[in-house]
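One structure below.
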Amino acid sequence: MTVRYVAEPFGGTRPVGSALRFSLIGVSLLFLTLILIVPVASVIGYAFSEGFAFYLDALRAPDTVTAIKLTLLTAAIVVPINTVFGVAAAWAIAKFDFRGKHVLNTLIDLPFSVSPVIAGLVFVLLFGAQGWLGPWLQRHDVSIVFAFPGIVLATLLVTFPYVARELIPVMQLQGREAEEAAVGLGAGGWMTFVRVTLPSIRWALLYGIILCNARAMGEFGAVAVVSGHIRGSTTTMPLQVEILYNEYDLTGAFAVASLLMLLALLTMIARTLIELFGARRRRAPALPLADDVGAASL
Amino acid sequence: MQAGRWVQPSVLPGFGLTLGFSGAFLAAIVLIPLAALVLKGASLPPSEFWRIATEPRALASYRLTFGASLLAASLNAVFGFVIAWSLVRYSFPGRRVVDAIIDLPFALPTAVSGIALATVFAPQGWIGRWLAPLGIQVAYTWVGIVIALTLIGLPFVVRSVQPALAEVEKSLEDAAESLGAGRWMIFRRVILPTVAPALATGFALALARAIGEYGSVIFIAGNLPMRTEITPLLIVIKLEQFDYLGAAALGLVMLIVSFVMLLTINALQGWRARRTTGRHR
Chain Z
-2 MTVRYVAEPF
8 GGTRPVGSAL
18 RFSLIGVSLL
28 FLTLILIVPV
38 ASVIGYAFSE
48 GFAFYLDALR
58 APDTVTAIKL
68 TLLTAAIVVP
78 INTVFGVAAA
88 WAIAKFDFRG
98 KHVLNTLIDL
108 PFSVSPVIAG
118 LVFVLLFGAQ
128 GWLGPWLQRH
138 DVSIVFAFPG
148 IVLATLLVTF
158 PYVARELIPV
168 MQLQGREAEE
178 AAVGLGAGGW
188 MTFVRVTLPS
198 IRWALLYGII
208 LCNARAMGEF
218 GAVAVVSGHI
228 RGSTTTMPLQ
238 VEILYNEYDL
248 TGAFAVASLL
258 MLLALLTMIA
268 RTLIELFGAR
278 RRRAPALPLA
288 DDVGAASL
Chain C
16 MQAGRWVQPS
26 VLPGFGLTLG
36 FSGAFLAAIV
46 LIPLAALVLK
56 GASLPPSEFW
66 RIATEPRALA
76 SYRLTFGASL
86 LAASLNAVFG
96 FVIAWSLVRY
106 SFPGRRVVDA
116 IIDLPFALPT
126 AVSGIALATV
136 FAPQGWIGRW
146 LAPLGIQVAY
156 TWVGIVIALT
166 LIGLPFVVRS
176 VQPALAEVEK
186 SLEDAAESLG
196 AGRWMIFRRV
206 ILPTVAPALA
216 TGFALALARA
226 IGEYGSVIFI
236 AGNLPMRTEI
246 TPLLIVIKLE
256 QFDYLGAAAL
266 GLVMLIVSFV
276 MLLTINALQG
286 WRARRTTGRH
296 R
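So, in structure tokens, the structure goes:
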């Protein structure tokens, strides 16, 4: 039945199409409501189910506060590093022609298609007690896995492509003439980047940073594998959600989850604003959606 | 490109610095760690690797992971297409809001969608309480896993198909209609061929994401060995038992699948790009 209805190409223009149009819109809305809107709304519902005071208390629990701090610290380290990498990679790939460019471009996307669990596993195999470097690290009393450095490494890996993936298509569209002119007029490399390139990529850069940050703060699988779940010490916010949920502290779990959802909503609002401002000021066509889809495949 | 030269000369500065830094960072954060997994898996004798990778519990987890992922990606292909169609072809109140929330699963941390789905679809939950009297149990069964994977894969198909649908030229449809083609014929012969590469790309992206997914599944899955245990969870369990070799073997299986998916998606995107350029330039 669905297939026959989908087949309607002129929906809305004729009486027959009108029924079809309502069915298709209805199916869309029903599907989104069941699978997306109700679960998202439930986060708020359950978080406040025992009242606002209880909600605030849940957020002020010492372990939760520690988890929030750890998440912020992780993002504060990971996002700048991956931003520098993204800009460097985009400059090399968009402004120069060299052999192996296509390979490099594909390898940057690799973390998108690797399971988060694998992203954590690889660092356990490298730095864990039975890992390649484990014995050496133990002798020197350095802990990476089941400690903060492991969380940072795993987060670096899963958020690796975000900034680069946003910048590369935009910088490729912009071409090289403006930069070449600036250099011809005697501008140095840094000056050229800051005065010529940066103004034309700033919205894409900002969007990449925001996406990278959202993923860095919200990553669960990779961090779960390397963190060791040491309560109040190596738990980030998503891990704290898991711990509270498994202890049947539903209100607490949903309270922390509501903060993460707020982050997701802010990310999407920022995205909408960037599209509005960016589209108005950019002379190049809007971000190619194909790459957008790839980039978000987190 | 000139023979014997691997980089074309350019007046722009910074090539060595930016390529050197990004290449070194790529190696340090992505390539060397992944190579460690490959080496660890390869350090097992082939017979031992085969035994771990094909033990009954692992096979059951592959069946569940790939089966549920295929089903979820198929659901996304159907409903994602309907949603993309509604967004592109129709205007209705709240269209812009619907358009905006499609991306929510990209931004929503998986632990949040995980506990939300598990609670909503539990027998006492907001949706589960309506399904329980009908004898439908979603939470802690494979149905719940499919729902979680459908949620996280939803944006891929919609966002792939939307621009392709917008690109279908009305004049072609009008021409087909003036030649006497029915609606179904127009859909099959004009619209579907244009949209097919985008639909296939969206399906593959949703599938790739679903196969590796962990956070949004484990809360709703029930996690019973042989029944509702996905492969990523089995890897985590092996790690928690300090069975690093077992975890590495299963991790290598999943990594190979990821590579195949990555190559497939690249090929599909190439197909789509050729379709587009062939039509317009």
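Chain order of the listed sequences is Z and C. Under this note's numbering, read the first sequence as residues -2 to 295, first letter to last. Under this note's numbering, read the second sequence as residues 16 to 296, first letter to last. Using N, Cα and C, we set each Cβ at its ideal position, and we do this for glycine too.
Query: Cβ neighbours of Z/L203 in the same chain (closer than 7 Å, five flanking residues each side left out); Result: I271
Query: Close-in-space but distant-in-sequence residues of the same chain around C/G31 (CB under 6 Å, 5 per side omitted); Result: none
Query: Sequence-distant residues of its chain with Cβ nearer than 7 Å to C/P240 (five each side left out); Result: R72
Query: DSSP-derived helix/strand/coil call for Z/F95; Result: strand
Query: One or two residues paired with C/V22 in a DSSP bridge; Result: Z/F95
Query: C/G31 - containing alpha helix (DSSP H), residue span; Result: 30 to 41
Query: Distance, C/V272 Cα to Z/V290 Cα; Result: Because the pLDDT of Z/V290 is 43, which lies under 50, any placement of that residue in the model is unreliable, and the number read from its coordinates should be weighed accordingly. Computed Cα separation, rounded: 20 Å.
Query: Per-residue DSSP class, three states only, for C/G109; Result: coil
Query: Three-state secondary structure assigned by DSSP to C/I162; Result: helix
Query: C-beta neighbour in chain Z for C/V22, strict 8 Å; Result: yes
Query: Per-residue burial, C/P208 [other beta carbons within 10 Å of its own, 16 or more giving buried]; Result: exposed
Query: Chain C contact residues for Z/Y242, given Cβ-Cβ distances below 9 Å; Result: A126, G129, I130, A133, T134, F234
Query: 6 Å Cβ shell around Z/A293 - same chain, five flanking residues per side excluded; Result: Legend: pLDDT at Z/A293 = 40, less than 50; position of this residue unreliable, no value from coordinates given.
Query: For C/L119 and Z/L27, believed in contact at Cβ under 8 Å, the rounded distance; Result: Between C/L119 and Z/L27 the Cβ distance is about 17 Å, and since that is not below 8 Å, they are no contact.
Query: For Z/G275, the nearest candidate out of Z/A201, Z/I206, Z/A38, Z/A175 (CA to CA); Result: Z/A201
Query: Contact check, Z/V222 vs Z/G128, beta carbons under 8 Å; Result: no
Query: Contact set between the region 212 to 224 of chain C and chain Z, restricted to residues whose Cβ is under 7 Å from the partner; Result: L220, A223, R224
Query: Beta-carbon proximity list for Z/Y2, same chain, < 7 Å, skipping 5 on both sides; Result: Note that Z/Y2 scores a pLDDT of 38, beneath 50, so its modelled location is shaky and nothing firm can be said.
Query: Test: C/A147 CB closer than 8 Å to a CB of chain Z; Result: no
Query: C-alpha distance - Z/L164 paired with Z/A267, whole-angstrom precision; Result: 17 Å
Query: DSSP-derived helix/strand/coil call for Z/I32; Result: helix
Query: Short Cβ contact (8 Å threshold) for Z/G218 with Z/V75; Result: no
Query: Sequence-distant residues of the same chain with beta carbon closer than 8 Å to Z/A296, five excluded per side; Result: Since the first and last residues shown for chain Z are -2 and 295, residue 296 of chain Z lies out of range.
Query: Local conformation of Z/G183 per DSSP, three classes; Result: coil
Query: Contact list for the region 254 to 268 of chain C against chain Z, Cβ threshold 8 Å; Result: L254, F257, Y259, A262, A263, G266
Query: Inter-residue Cα distance where the pair is C/L164 and Z/E174; Result: 45 Å
Query: Any chain C beta carbon closer than 8 Å to Z/M258; Result: yes
Query: Rounded distance between the beta-carbons of C/A87 and C/G168, thought under 8 Å; Result: 6 Å
Query: Below-8 Å beta-carbon distance, C/T209 vs any chain Z residue; Result: no
Query: Endpoints, alpha helix (DSSP H) assigned at C/A211; Result: 207 to 227
Query: Residue burial classification, Z/M168 (beta-carbon count within 10 angstroms, cutoff 16); Result: buried
Query: Helix, strand or coil at Z/Y242 [DSSP, three-state]; Result: helix
Query: Where Z/L247 meets chain C, residues with beta-carbon distance less than 9 Å; Result: I130, T134
Query: N- and C-terminal bounds of the alpha helix (DSSP H) containing Z/M214; Result: 195 to 215
Query: Of the listed residues Z/L123, Z/W133, Z/F143, Z/F45, nearest to Z/L236 (C-alpha basis); Result: Z/F143
Query: CB of C/L52 within 8 Å of CB of C/G266, strictly; Result: yes
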